[in-house]
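Numbering (the working numbering), first residue to last: 6 to 86.
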């Protein structure tokens, strides 16, 4: 039996779009500097070698750590509430 539609059925799709807009760049900022650091340390920088060296710099690694800690804090705080 089909469930009746509610006035806010569109909210689920909008939430998914907004979460994608927020979390994809966050994961990029968190993971990409460490991936680039591994590639630089192994000496396997494919295209654009300057990009990989720049992303493996200390500033990006610190930023990655800070953003990761903030995301971890927000997630843990929301779970404990």
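Backbone N, C-alpha and C define an ideal beta-carbon position, used for all residues, glycine too.
Pair within 8 Å by beta-carbon distance, residue i and residue j
i: residue 72; j: residue 57; result: no
i: residue 43; j: residue 69; result: no
i: residue 74; j: residue 38; result: no
Buried or exposed by the 16-neighbour rule on C-beta atoms within 10 Å, applied to residue i
i: residue 81; result: exposed
For residue j and residue i, the rounded distance between their alpha carbons
i: residue 52; j: residue 61; result: 15 Å
i: residue 54; j: residue 18; result: 39 Å
i: residue 86; j: residue 8; result: 32 Å
Cβ neighbours of residue i in the same chain (closer than 6 Å, five flanking residues each side left out)
i: residue 50; result: 44 and 57
Contacts around residue i, its chain only, beta-carbon distance under 7 Å, and the 5 residues preceding and following it disregarded
i: residue 41; result: 57, 60 and 61
Close beta carbons around residue i, own chain, < 8 Å, minus the five adjacent residues each side
i: residue 76; result: 31 and 35
i: residue 63; result: none
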